[in-house]
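In our numbering, the protein residues as written are 9 to 498.
Structural data, given as structure tokens:
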């Protein structure tokens with residue numbers, strides 16, 4: 009047996025359905041028994057915790073799994089975040105001048121001071137600051153994917169826009185076109201961020217429709233496994249299925265009077281007004297906002313230092329990227345095996361990655377007082393890319409799974425829209441603070457202390473103040489209340 013939510017008829021509480029078994033056709037619809045409000049007592053609290061709105065979604069196929077594995081491996085940010093930024097920074101550096109020697113001087117000459125500025129408004133601004141500003145305005149978010157199959161088409165559209173912007177930037181060779189390079193970099197960054205938001209937003213809907221997830225739920229409702237075992241195994245399955253496919257798994261129809269352009273923003277506003285009823289969910293979103301801000305800006309700042317050190321070499325950056333990619337692949341399987349073998353919770357695994365997130369800007373901070381360490385040497389950038397690959401690839405997977413566990417069932421895209429906003433919009437704050445610090449100090453390394461404090465504050469909040477179990481229970485209760493309200497209003 010499995011429990012689903014009804015979105016039609018008079019039912020106001022979950023629907024008990026006959027689960028599809030291995031002997032049945034995957035597309036076979038289950039028979040449903042609607043529970044009236046007066047029958048609510050027959051469903052205990054543990055059963056309520058398994059509520060999900062599957063809409064008779066098909067069981068996930070092997071082709072689907074490989075489709076999203078391949079998409080996510082392609083959607084890795086190397087183009088829009090790596091090569092595009094290197095090209096943009098290279099053109100800006102070539103168009104700039106050394107403020108110590110004055111206009112017309114070279115930023116990369118043998119007698120250069122190490123500083124480089126560009127004309128900006130009525131004055132000048134450091135090239136590093138300009139890159140950080142471009143990074144700061146590059147954010148995107150939407151939760152229109154909650155309704156129908158519109159999200160799939162948006163995913164395809166923003167993917168094409170991301171491709172086009174990168175190909176267009178490849179045609180730029182003159183330093184005088186650095187402004188156009190900046191615009192294309194922003195477009196590529198924004199569209200890349202949008203692909204992550206839409207792709208991740210479908211994750212919970214897919215994760216609960218794997219054959220293993222369906223079987224787990226059936227075993228739990230039949231009393232074959234305890235609630236604790238079910239929670240652990242379900243969490244492990246979510247960690248295994250860390251991304252999403254593009255097979256049609258539609259949500260409810262778009263409400264009357266709403267449009268795809270406005271429904272996402274209305275959902276986000278409606279969700280934010282409910283923070284008192286979902287304290288752990290919103291505290292996690294806030295902490296992740298700070299953590300993503302710190303991590304994203306740290307990565308950008310290190311990339312700026314890396315490009316300067318390797319003189320914008322695409323070949324060297326490719327080698328460094330390969331080192332990160334290889335270690336990322338190995339660490340993903342390694343972390344998954346460790347978690348599965350020792351039955352470690354998602355939060356504890358996430359905490360391990362958080363420690364490294366905090367240590368990275370701390371290491372960069374050391375570069376303020378010495379040139380021997382602190383991202384001043386070639387070996388440090390190799391070490392950074394290896395360490396980043398080992399610990400930060402699992403970071404993204406565990407962060408997403410934590411969000412899935414704290415999301416109200418049936419409101420996946422609403423809250424993953426907020427999750428996407430926490431990740432992408434956070435980059436509007438950190439980069440702007442850091443670029444101001446760099447402008448005032450003339451040193452890239454002076455930005456690391458702020459980033460260290462930001463990551464540390466966010467990590468402590470997650471470590472000591474987020475109770476995943478209580479947050480999950482609050483989320484299920486909130487979802488049920490909202491479904492009741494919608495039935496009454498209907």
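Heads up, the beta-carbon is just placed ideally off N, CA and C, and yes, glycines get one too.
With DSSP run on the structure shown, which of helix, strand or coil describes residue 132?
-> Looking at residue 132 - three-state DSSP - the assignment turns out to be strand.
Tell me, to the nearest whole angstrom, how far the beta carbon of residue 452 is from that of residue 136; I am working on the premise that it is less than 8 Å.
-> Their Cβ separation, rounded to whole angstroms, is 5 Å, which keeps residue 452 and residue 136 in contact under 8 Å.
Going by Cα to Cα distance, which pick from 218, 120, 282 and 102 is closest to residue 490?
-> The residue with the shortest Cα to Cα distance from residue 490 is 282.
Can you tell me which of 349, 359 and 375 puts its alpha carbon nearest to the alpha carbon of residue 309?
-> For residue 309, the nearest C-alpha among the options comes from 375.
Which residue's Cα is closest to the Cα of residue 120: 101, 284 and 130?
-> The residue with the shortest Cα to Cα distance from residue 120 is 101.
Burial state of residue 225 (16 or more Cβ within 10 Å) = Buried.
Length at least 4, wholly inside the segment 165–224: the alpha helix (DSSP H) runs in chain order | If you keep only unbroken alpha helix (DSSP H) runs of at least 4 residues inside the segment 165–224, you get 186–209 and 211–215.
From which residue to which residue does the alpha helix (DSSP H) around residue 364 run?
-> First-last of the alpha helix (DSSP H) with residue 364: 354–374.
If we call anything under 7 Å between Cβ atoms a contact, is residue 340 one with residue 459?
-> It is not a contact, given that the beta carbons lie outside the stated cut-off.
Length-filtered (3 minimum) beta strand (DSSP E) runs lying within the segment 272–332 = Complete beta strand (DSSP E) runs here, min 3: none at all.
Looking at residue 92 and residue 177, is the spacing between their C-beta atoms short of 7 Å?
-> Contact flag set, yes.
Check the DSSP bridge columns for residue 464 and list the partner residues they point to.
-> DSSP links residue 464 through a beta bridge to no other residue.
Does DSSP put residue 108 in a helix, in a strand, or in coil?
-> DSSP places residue 108 in coil when its eight states are reduced to three.
Grab me the residues of residue 330's own chain with a C-beta within less than 8 Å of its C-beta, minus the 5 sequence neighbours each way, in chain order.
-> For residue 330, same chain residues with a beta-carbon under 8 Å away, outside a window of 5 residues either side, do not exist.
What distance in whole Å lies between the Cβ atoms of residue 424 and residue 415, which are believed to be in contact at a cut-off of 8 Å?
-> Their Cβ separation, rounded to whole angstroms, is 7 Å, which keeps residue 415 and residue 424 in contact under 8 Å.
Between the Cα of residue 289 and those of 412, 300, 346 and 201, spot the shortest distance and give me the residue it belongs to.
-> Cα-wise, what sits closest to residue 289 is 412.
With respect to 6 Å, is the separation between the Cβ of residue 488 and the closest non-hydrogen atom of the ligand ADP below this value?
-> What this structure holds is no ligand at all, so the ligand ADP is not there to describe.
Measure the alpha-carbon distance for residue 204 versus residue 438 and round it to whole angstroms.
-> Each residue's CA atom was taken as its position, placing residue 204 and residue 438 some 20 Å apart.
Could you say if the segment 382–395 and the segment 470–490 meet the contact criterion of at least three C-beta pairs nearer than 8 Å?
-> No, because fewer than three Cβ pairs between the segment 382–395 and the segment 470–490 fall closer than 8 Å, the two stretches do not touch.
Separation of residue 355 from residue 294, as counted between CA atoms | Taking the straight line joining both Cα atoms gives about 16 Å.
Under 8 Å Cβ to Cβ from residue 483, same chain only, skipping five residues before and after it: list those, please.
-> Apart from the 5 residues on each side of it in sequence, residue 483 sits with its Cβ closer than 8 Å to the Cβ of 286, 289, 414, 415, 416 and 417 in its chain, given in chain order.
Name the residue from 181, 169 and 179 whose alpha carbon lies nearest to the alpha carbon of residue 194.
-> The shortest CA-to-CA distance from residue 194 to any of 181, 169 and 179 is the one to 169.
Beta carbon of residue 125 nearer than 7 Å to that of residue 112 | Cβ atoms of residue 125 and residue 112: not closer than 7 Å.
Tell me where the alpha helix (DSSP H) around residue 123 begins and ends.
-> Annotation for residue 123: no alpha helix (DSSP H) segment contains it, and DSSP assigns it neither H nor E.
Residue 351 to residue 181 span [Cα, whole Å] | Residue 181 has its alpha-carbon roughly 53 Å from the corresponding atom of residue 351.
Indicate the three-state DSSP secondary structure (helix, strand or coil) for residue 385 in the structure shown.
-> Shown here, residue 385 sits in coil according to DSSP, grouped into three states, outside any helix or strand.
Using 10 angstroms around the beta-carbon of residue 241, count the other beta-carbons present and answer buried if the total reaches 16, otherwise exposed.
-> Residue 241 counts as buried, since no fewer than 16 other beta carbons sit within 10 angstroms of its beta carbon.
Candidates 130, 202, 189 and 173, of which the one nearest residue 161 by Cα | The shortest Cα separation from residue 161 among 130, 202, 189 and 173 belongs to 202.
Compare the beta carbon distance of residue 134 and residue 447 with 7 Å and say whether it is the shorter of the two.
-> Yes, the Cβ-Cβ distance between residue 134 and residue 447 is below 7 Å.
Count the other CB atoms within 10 Å of the CB of residue 78; is the residue buried (16 or more) or exposed (fewer)?
-> Here residue 78 is exposed. Its C-beta has fewer than 16 other C-beta atoms within 10 Å.
Closest Cα partner of residue 72 within the set 430, 218 and 338 | Among 430, 218 and 338, the Cα nearest to that of residue 72 is on 218.
Nearest to residue 389 by alpha carbon, out of 314, 142 and 175?
-> When each option's Cα is compared against that of residue 389, the closest is 314.
Along the alpha helix (DSSP H) that carries residue 442, what are the first and last residues, could you check?
-> First-last of the alpha helix (DSSP H) with residue 442: 438–449.
Are the beta-carbon atoms belonging to residue 346 and residue 139 less than 7 Å from one another?
-> Between residue 346 and residue 139, the C-beta spacing is not below 7 Å.
For residue 130, count neighbouring C-beta atoms within 10 Å of its own C-beta (all shown protein chains included) and say buried if the count is 16 or more, exposed if not.
-> Classified as exposed, residue 130 has fewer than 16 neighbouring CB atoms from the shown chains inside 10 Å of its CB.
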